[in-house]
Amino acid sequence: MTDVCLKPILDPAVLAEGSRRLLTDLPRERLGWMLETMYKIRYFEEKAEELYTRGLVHGTMHLSIGQEASSVGSIAVLRPEDLIIHHHRGHGHTIAKGADITLMMAEFLGKEPGYCRGRGGSMHIADIPGGNLGATGVVGSGIPTAVGIALALQMRRSDRVLLAYFGDGAANLGEFHEALNMAAIWTLPVVFICENNQYGMSGPAKKMAAVEPLSVRAAAYNMPGQTVDGNDVLAVYQVTQAAVERARSGQGPSLIENYTYRWRGHSKSDRNVYRTAEEIEDWKRRCPILRFKQTLVSAGVMGDEEIAAIDERAKTTIDRAAEEALTFPEPSPERLEDEVYAP
Amino acid sequence: MTEAGNREITYLEAVREALWQEMHRDPDVFLLGEDIGVYGGAFGVTRGLLEEFGPERVRDTPISEAAIAGAATGAALMGMRPVMEVMFMDFITISMNQLVNQAAKIRFMFGGKASIPMVVRAPAGSGTGAAAQHCQSLEAWFVHVPGIKVVTPATPFDVKGLLVTSIRDNNPVLFVEHKLLYRTKGPVPEELYAIPLGQAEVRRPGRDLTIVAYSIMVPRALEAAGRLSEEGVEVEVVDLRCLKPLDEETVVRSVSKTGRVLIVHEAPQTGGFGGELAAVIANSEAFDYLDAPIRRLCGRDIPIPYNRTLEQATVPQVEDIVAAARKLATEGR
Chain A
31 MTDVCLKPIL
41 DPAVLAEGSR
51 RLLTDLPRER
61 LGWMLETMYK
71 IRYFEEKAEE
81 LYTRGLVHGT
91 MHLSIGQEAS
101 SVGSIAVLRP
111 EDLIIHHHRG
121 HGHTIAKGAD
131 ITLMMAEFLG
141 KEPGYCRGRG
151 GSMHIADIPG
161 GNLGATGVVG
171 SGIPTAVGIA
181 LALQMRRSDR
191 VLLAYFGDGA
201 ANLGEFHEAL
211 NMAAIWTLPV
221 VFICENNQYG
231 MSGPAKKMAA
241 VEPLSVRAAA
251 YNMPGQTVDG
261 NDVLAVYQVT
271 QAAVERARSG
281 QGPSLIENYT
291 YRWRGHSKSD
301 RNVYRTAEEI
311 EDWKRRCPIL
321 RFKQTLVSAG
331 VMGDEEIAAI
341 DERAKTTIDR
351 AAEEALTFPE
361 PSPERLEDEV
371 YAP
Chain B
48 MTEAGNREIT
58 YLEAVREALW
68 QEMHRDPDVF
78 LLGEDIGVYG
88 GAFGVTRGLL
98 EEFGPERVRD
108 TPISEAAIAG
118 AATGAALMGM
128 RPVMEVMFMD
138 FITISMNQLV
148 NQAAKIRFMF
158 GGKASIPMVV
168 RAPAGSGTGA
178 AAQHCQSLEA
188 WFVHVPGIKV
198 VTPATPFDVK
208 GLLVTSIRDN
218 NPVLFVEHKL
228 LYRTKGPVPE
238 ELYAIPLGQA
248 EVRRPGRDLT
258 IVAYSIMVPR
268 ALEAAGRLSE
278 EGVEVEVVDL
288 RCLKPLDEET
298 VVRSVSKTGR
308 VLIVHEAPQT
318 GGFGGELAAV
328 IANSEAFDYL
338 DAPIRRLCGR
348 DIPIPYNRTL
358 EQATVPQVED
368 IVAAARKLAT
378 EGR
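Which chain is which? The protein sequence lines are A and B, in order. Under the numbering used here, the first residue of the first sequence is numbered 31, with each subsequent residue one higher. Under the numbering used here, the first residue of the second sequence is numbered 48, with each subsequent residue one higher.
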């Protein structure tokens, strides 16, 4: 008989103490990288909005502003050869996984040198050599695919692991349940990360799921699960690290729920009619970047000046990437069939 | 091309032999599906493979068609060559998101920088009394999805050679195996051989009219052609073997020669592959040679019924093909 109680990935007592430990254990450069990456994501998405408003973007976009700690805190744990598969709100994961910002911006603008040669756009940025196996646009579709990626890692006796991201909306799909069960019975090296930003388009996660928190669903698949303050980058780091170690050592999958909040609308058509301005403002006060900055300063890891320099560097990186990407050539409709089938 | 030789095995054994030999040749090839291990699959196709290759490469799955298709897609994205068995083609409906939105799209939407080398083996078709949810022929849906190839073998020789090619292909391939063909026998070489995709075959030459068919309708068309020959009507039978890529040239050449064409398939007529084929013929040089309208003989637009008589009345039988071809042979004369 399986014990169906939810088992945490990381002992909550360890988690409570762990952030202080991380601030001393992690190299300063690593902490600086985490902050800079969060800034880059924020500035990338603000730039994306700006370009959109200026009428320079053909398609849609799904912004993860306010959710930066979820992607950065988890990907910071990975080795370069580890893998991710993620979703339509995926700029953060892509940047954290080390994508070339210019090529990413180029893809967002639909340019030929972009990651997907202008065929994918914002929703489908993939950087296969960089271990980013792509963003999927149909909610939850990456979850079963993740099972196969992790299966290939296991069959090849690789010690690489996979982080599979999806949102709270995806956790109500049949595919989620099929995939978690399969990953569990085969003990696959995958960490499922549910980024609960509280709304599936307009549907409140609390109303759309019969359980709360969503991490309790891990118990049904006999894997550990845990809900984390998804705006606390160091908390995300710790729990992901425990789950990644578990996966890497052959102990199988885990389910992490990063509880966070989406500041912007679902996509460009969203008029925010399903939530209040007060609610949004309240969550803006819990900004993950601001929190991390304050943590670094109060722990004496970095001073205001150094942080300002990191901020400036991130901003410049994004500005330059956008400038350069805007000059890139458009793809040609000729030979468009070439990518449909592999030779 | 490999000569067929003298050894005769069944269509089912030929599928198994292709899997067996490809798994020995390439360690990246593995199988996954429901009850394919100790049970040997619902139709016994994979019997003996578990003992030969072990449970890691002959992988029994839960009844989770979405996750099975996802597992195949993800493994293929990593360079493995999964062969997924859908127990009955009907159940592929549950896999559709992974196959249509993931497997078929990943290469294109990632700018050609990834590929999905996987095979979906799908036992299809009626004739077993399994009624509306276990007898469908859904191949046309997949022809309609850019990024997927669709293979529909009719003979033991073809099923082996085409499965080998499908496994080695770097794209998702829907491999349609007709259940009634499983027990049919024919010459199949023991050695490994590959038949290129997209090459139709003229199974029987004839001057009076062309029947274009695939899968189970090929042997039925050949039987019909034999009977019509006794009446003095010489039918040319073209076996498409593959719906995508489609060998338009062989079809057009045959129709240009005979001037009459009957398209035969088991799947329901409306929205079926026959409509596409008719358009291909009508838009080709063969149009100028047509002496009669392009005719279709397809499954009726109804779910497959249970009762034997009703079931047979739903999809083209040999007698139906004989009657339709006989009529077409003199139409407009």
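Note that CB positions come from ideal geometry on N, CA and C, so glycine has one too. Just so we're clear, the structure is a prediction, and the values are computed from it rather than from any experiment.
Within chain A, not a single residue places a beta-carbon under 7 Å from that of Leu-97/B; the smallest gap is close to 16 Å. The three-state reading of DSSP puts Ile-39/A in coil, since its state is none of H, G, I, E or B.
Cβ contact annotation for Val-246/A (same chain, cutoff 7 Å, sequence separation greater than five): Leu-36, Gly-255, in chain order.
Around Met-156/B, the beta-carbon contacts reaching into chain A at under 7 Å are Cys-146, Arg-149, Gly-150, His-154.
In the structure shown, Leu-309/B adopts extended strand secondary structure according to DSSP, grouped into three states. A distance below 8 Å separates the beta carbons of Arg-54/B and Pro-234/B. Exclusion of the five residues before and after Thr-270/A leaves Gly-103, Ser-104, Val-107, Val-221, Ile-286 as the residues of its chain whose Cβ lies within less than 7 Å of its Cβ.
Beta bridge pairing from DSSP links Asn-144/B with no other residue. Collapsing the DSSP output to three states places Asp-368/A in a helix. Residue pairing for Glu-225/A: DSSP places it in a beta bridge opposite Gly-197/A, Asn-288/A.
The C-alpha of Arg-230/B lies about 35 Å from the C-alpha of Pro-174/A.
Your pair Ala-169/B and Phe-90/B does not check out as a contact, with CB atoms roughly 11 Å apart and the cut at 8 Å.
With respect to the C-alpha of Asn-261/A, the residue from Ala-273/A, Pro-283/A, Arg-315/A having the closest C-alpha is Arg-315/A. Between Gly-279/B and Gly-306/B, the alpha-carbon positions lie close to 17 Å from each other. When rounded, the separation of the alpha-carbon atoms in Ala-209/A and Val-177/A is 6 Å. Each of Phe-157/B, Glu-103/B, Phe-77/B, Ser-173/B was checked against the Cα of Arg-355/B, and the nearest Cα belongs to Ser-173/B.
Spanning the alpha carbons of Arg-60/A and Phe-135/B requires a straight line of approximately 52 Å. Residues Ile-195, Val-197, Leu-221 of the same chain have their beta carbon placed closer than 7 Å to that of Phe-189/B, with the five preceding and five following residues left out of the count. Straight-line measurement puts the Cα of Leu-290/B at about 19 Å from the Cα of Ala-333/B. The C-beta separation of Pro-109/B from Asn-211/A comes to about 6 Å, placing the pair in contact by the 8 Å criterion.
Between the beta-carbon of Pro-219/B and that of Met-165/B there is about 5 Å, and that keeps the pair under the 8 Å contact cut. For Tyr-251/A, none of the residues of chain B pass the 9 Å Cβ criterion, the least Cβ distance being about 11 Å. Those residues of the stretch 124–146 of chain B placed with their C-beta closer than 8 Å to a C-beta in chain A are Leu-124, Met-125, Gly-126, Met-127, Pro-129, Asn-144, Gln-145, ordered along the chain. Annotation for Leu-218/A: Val-177, Ala-180, Leu-181, Gln-184, Gly-282, Pro-283 place their beta carbon closer than 7 Å to its own, counting only its chain and skipping 5 residues before and after. When the beta-carbon positions are compared, Glu-313/B and Val-249/B stay at least 8 Å from each other.
The DSSP-derived three-state label of Ile-258/B is strand. Straight-line measurement puts the Cα of Gly-159/B at about 8 Å from the Cα of Asp-368/A.
Nearest to Met-31/A by alpha-carbon distance, out of Ala-250/A, Ser-100/A, Arg-119/A, is Ala-250/A. Closest option to Pro-193/B, judged by alpha-carbon separation, among Arg-343/B, Val-147/B, Val-85/B, Ala-370/B: Val-147/B. Taking the Cα of Gly-379/B as reference, the smallest distance to any Cα among Tyr-240/B, Glu-323/B, Ala-339/B, Ala-151/B is reached at Ala-339/B. Check the Cα spacing between Gly-295/A and each of Tyr-304/A, Tyr-73/A, Tyr-289/A: the tightest is with Tyr-304/A. In the DSSP assignment, Gln-256/A falls within the unbroken beta strand (DSSP E) covering 255–259. Residue state for Lys-291/B is assigned as strand, using DSSP reduced to three classes. Proximity to Ala-126/A across Val-241/A, Lys-70/A, Arg-187/A peaks at Lys-70/A, based on C-alpha coordinates. When C-beta atoms of the stretch 59–73 of chain B are compared with those of the stretch 209–218 of chain B, three or more pairs fall below 8 Å, so the two segments count as touching.
Going by beta carbons, Phe-74/A and His-121/A fall inside the 8 Å limit.
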